[in-house]
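Undergrad: Counting with the numbering used here, you get residues 343 to 760 for the letters of the sequence shown.
Glycine included, C-beta positions come from ideal geometry on N, C-alpha and C.
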Amino acid sequence: MQNDAAGKLAIDGGKKTRTEPWPARRLFSEEEKAAAAALFDEAIESGGVFAYGGAEEEAYCREFAEFMGGGYADAVNSGTSAVYVALRALDLEPFTEVIVPPVTDMGGVMPVPLLNCIPICADTAPGSYNCGPEQIEARITDRTSAILVAHIAGQPVDMDPILEMANARSIPVVEDCAQAHGATYKGRLVGTMGDTAAFSTMSGKHHATGGQGGVVFARDEALYWRARQASDRGKPFGIEGGAFNVLCGHNLNLNDLSAAIGRVQLRKLPENVAKCRRAALAIADRCETLQAVTVDRGLPETEGAFWFVVFRLDLDKLRGDVDTFVAAAQAEGLPFNARYTRPFTDHDWFKNRAVFGTSGYPWTCPLYKGDPDQVYPLPNMEAAHASLFMLKVHENVTGKEADDAFAALRKVERAYLK
Ligand SMILES: Cc1ncc(COP(=O)(O)O)c(C=O)c1O
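(1) Buried or exposed for Thr534, please, with buried defined as at least 16 other CB atoms from any protein chain shown within 10 angstroms of its CB.
(2) Expressed to the nearest angstrom, what Euclidean distance is found between the alpha-carbon atoms of Gly524 and Arg639?
(3) My output table needs one value for Met732: the three-state DSSP class, helix, strand or coil.
(4) According to DSSP, is Val652 part of a helix, a strand, or is it coil?
(5) Measure the alpha-carbon distance for Gly513 versus Ala352 and round it to whole angstroms.
(6) Would the segment 652–660 and the segment 628–637 be scored as touching if the rule is three or more Cβ pairs under 8 angstroms?
(7) Using 8 angstroms as the cut-off, can you tell me whether the segment 592–610 makes contact with the segment 402–419, which would need three or more C-beta pairs spanning the two stretches below that distance?
(8) Answer with buried or exposed for Pro363, where buried requires no fewer than 16 other C-beta atoms within 10 angstroms of its C-beta.
(9) Which word fits Leu432, buried or exposed, when buried means at least 16 other C-beta atoms lie within 10 angstroms of its C-beta?
(10) How is Asp690 classed by DSSP in three states: helix, strand or coil?
(11) Can you tell me which residues form a DSSP beta bridge with Asp574?
(12) In whole angstroms, what separates the C-alpha of Thr466 from that of Arg570?
(13) Taking the straight line between their C-alpha atoms, what separation do you get for Glu427 and Phe370?
(14) If I measure Cβ to Cβ from Ala747 and keep anything under 7 angstroms in the same chain, skipping five residues before and after, which residues do I get?
(15) Measure how close the beta-carbons of Tyr682 and Tyr566 come, nearest whole angstrom, since I'm counting them as under 8 angstroms.
(16) Given Thr802, which residues of its chain have a CB within under 6 angstroms of its CB, disregarding the five upstream and five downstream residues?
(17) Within 10 angstroms of its Cβ, does Asp574 collect 16 or more other Cβ (buried), or is it exposed?
(18) Please state the DSSP three-state secondary structure of Arg628.
(19) From the DSSP output, in three-state form, read off Ser371 for me.
(20) Please state if the CB of Pro436 and the CB of Cys459 are separated by a distance shorter than 8 angstroms.
(21) Out of Pro475, Leu434, Val615, Ala671, which one is the CA nearest neighbour of Ala749?
(22) If we define contact as Cβ-Cβ less than 8 angstroms, is Lys753 a contact residue for chain B?
(23) If contacts are defined as beta-carbon pairs under 8 angstroms, then Leu531 and Met410 qualify, I think. What distance do you get, rounded to the angstrom?
(24) When the Cα atoms are used, what is the spatial distance from Ala725 to Asp663?
(25) Starting from Glu476, trace the beta strand (DSSP E) both ways and give me its first and last residue.
(26) With a cut-off of 8 angstroms on the beta carbons, I'd call Pro498 and Gly646 a contact; round off their distance for me.
(27) Where Ala495 and Leu589 are concerned, what is the direct C-alpha to C-alpha distance, given to the nearest angstrom?
(28) Report the CB separation of Tyr527 from Arg661 in whole angstroms; it is logged as a contact under 8 angstroms.
(29) As a quick exercise: from Ala673, Lys742, Gly702, pick the residue whose alpha carbon is nearest that of Asp354.
(30) Compare the Cα-Cα distances from Tyr402 to each of Val606, Lys547, Glu387, Asp537 and report the closest residue.
(31) Looking only at its own chain, which residues have a Cβ that is under 8 angstroms from the Cβ of Arg511, when we skip the five neighbours before and after it?
(32) Quick one: Cα of Cys618 to Cα of Pro642, how far?
(33) I believe Gly295 touches Thr543 by the beta-carbon criterion, under 8 angstroms. Please report the beta-carbon distance rounded to the nearest angstrom.
(34) List, from N- to C-terminal side, the alpha helix (DSSP H) runs of 4 residues or more that fit wholly inside the segment 401–472.
(35) Spatial neighbours of Gly284 within its chain, please: CB distance less than 7 angstroms, with the 5 preceding and 5 following residues excluded, ordered by chain position.
Given below as structure tokens:
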């Protein structure tokens with residue numbers, strides 16, 4: 343007798359593969375609460391306040407840099423701010439071009455036009471949400487002032503050829519590590535390879551400074567001081583005897599309360615990343631026997647941080663498209679998603695050039711010497727959107743969830759195989 347859980351799809355009225363909810367993440371514990379409470383206790387007892395740039399924030403930045411194996415960290419108030427500051431530290435000339443990935447959070451792109459630079463969209467590498475070296479190289483012009491790479495889903499981008507190409511042209515590289523805390527590429531932590539790096543520490547990430555936050559990281563001390571200036575109204579950090587503010591800038595600082603939470607979280611980070619990796623690879627191992635679904639384990643010599651797991655469908659072997667497949671897999675009781683975000687070029691803000699009033703700047707400024715209306719084809723990205731889907735994993739996703747994910751995919755695959 344055929345069991346419903348293995349036979350008739352839930353989307354067609356059959357029994358669901360999984361009825362329990364996906365496990366809760368439980369990112370925060372009594373430890374973070376105690377760290378935050380200690381700051382309040384101290385303030386109440388002394389009659390003082392906690393603020394920003396104090397002992398907690400200093401310690402968090404030092405400990406973050408230690409985690410990165412040395413270098414300098416500046417804690418800021420979001421990942422978007424971190425990308426902004428990481429770019430701003432490079433002193434990019436306005437109306438130059440910054441090569442950016444198409445598939446990323448808007449906060450990983452919007453800082454570019456906010457700096458009056460032009461975001462130039464590279465295609466992704468075939469079968470991936472990440473950009474590859476060839477796709478980036480195809481967008482380099484004599485106007486390129488920086489390359490921004492994002493390690494999407496916690497999967498490291500193929501950095502060596504990108505760095506080689508960028509170094510040969512003296513173009514700085516910024517790594518957006520918002521989704522990739524603790525991921526490694528050929529033994530090197532992501533964020534340590536580019537000139538500057540940006541991390542998001544909002545509460546969905548591998549380690550968090552509370553609800554929001556971010557970190558700018560640089561190995562070079564001069565870039566670090568420039569980042570500090572850029573994130574705090576141009577105060578003359580790193581300038582001996584400096585008395586006056588040296589840049590016009592925002593106040594994008596983190597604060598001591600968030601940093602106190604971040605310090606506890608940082609201690610948990612290696613284990614959190616290891617657990618995400620274990621969960622993702624457990625799913626990948628189980629899916630080895632599937633015929634039309636493969637799991638992206640990342641490039642060779644990388645260890646991904648697996649902010650989410652990316653699955654590829656071989657649509658030649660299946661009836662229906664990725665939406666049909668994922669809708670059926672979701673109905674089995676698992677939180678699969680058909681795709682990660684559409685490229686920023688599809689979004690209204692980009693299409694309407696909604697950056698500086700109605701000016702259309704930076705694209706329409708006569709100082710921009712490129713073609714403001716250039717449309718960049720993204721065939722690999724479109725193919726990826728047509729065949730990739732995802733599953734969010736975290737520290738509490740275990741063998742049981744891997745079993746269920748596999749069982750749901752096997753059941754749906756059987757139903758849709760040609
Ligand atoms: C790749 C990437 N860059 C930048 C950001 C922006 O970070 P935040 O939400 O902390 O501003 C995110 C957020 O998810 C992201 O995933």
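TA: Well, looking at it:
(1) It counts as buried.
(2) Cα-Cα distance, rounded: 16 angstroms.
(3) Met732: strand per DSSP, three-state reduction.
(4) The answer is strand: DSSP assigns Val652 an E or B state.
(5) Checking the displayed sequence, the identity of residue 513 turns out to be Ile instead of Gly. Straight-line measurement puts the Cα of Ala352 at about 52 angstroms from the Cα of Ile513.
(6) These segments touch.
(7) Below 8 angstroms, enough C-beta pairs join the segment 592–610 and the segment 402–419 to call them touching: three or more.
(8) Around the CB of Pro363, fewer than 16 other CB atoms lie within 10 Å, so the residue is classed as exposed.
(9) That one is buried.
(10) It is helical.
(11) Beta-bridge pairing links Asp574 to Asn593.
(12) Distance between the alpha carbons of Thr466 and Arg570 is about 32 angstroms.
(13) The question names Glu, but residue 427 is Val in the sequence shown. Answer to the nearest angstrom: the Cα atoms are 27 angstroms apart.
(14) Excluding sequence neighbours, Ala747 sits near Ile625, Leu676, Leu733.
(15) Wrong, their Cβ atoms sit about 31 angstroms apart, outside the cutoff.
(16) Here the chain covers residues 343 to 760 and nothing more, so residue 802 does not appear.
(17) Counting C-beta atoms within 10 angstroms of its own C-beta, Asp574 has 16 or more neighbours from the protein chains shown and is therefore classed as buried.
(18) Looking at Arg628 - three-state DSSP - the assignment turns out to be helix.
(19) Under the three-state reduction of DSSP, Ser371 is assigned to coil, being neither helix nor strand.
(20) Yes, the pair counts as a contact, with Cβ atoms nearer than the cut-off.
(21) Ranked by Cα distance from Ala749, the first of Pro475, Leu434, Val615, Ala671 is Ala671.
(22) Annotation note: the requested chain B is absent from the structure, which comprises a single protein chain.
(23) Confirmed, Cβ separation roughly 6 angstroms.
(24) Ala725 and Asp663: Cα-Cα distance of roughly 12 angstroms.
(25) That residue, Glu476, is in no beta strand (DSSP E); its alpha helix (DSSP H) goes 475–479.
(26) At roughly 7 angstroms, the Cβ-Cβ gap stays under 8 angstroms, so Pro498 and Gly646 are in contact.
(27) When rounded, the distance between both Cα atoms is 34 angstroms.
(28) By a beta-carbon distance limit of 8 angstroms, Tyr527 does not contact Arg661. Their separation comes to about 38 angstroms.
(29) It is Ala673.
(30) Residue Val606 is the option with its Cα nearest to Tyr402.
(31) Around Arg511: Ile482, Thr486.
(32) C-alpha of Cys618 to C-alpha of Pro642: approximately 18 angstroms in a straight line.
(33) It is not possible to answer for residue 295, since the shown part of the chain is limited to 343 through 760.
(34) Entirely contained in the segment 401–472, the alpha helix (DSSP H) runs reaching 4 residues are, in chain order, 421–430, 453–456.
(35) The structure shown does not extend to residue 284, since the chain is modelled only from 343 through 760, so no value can be given for it.
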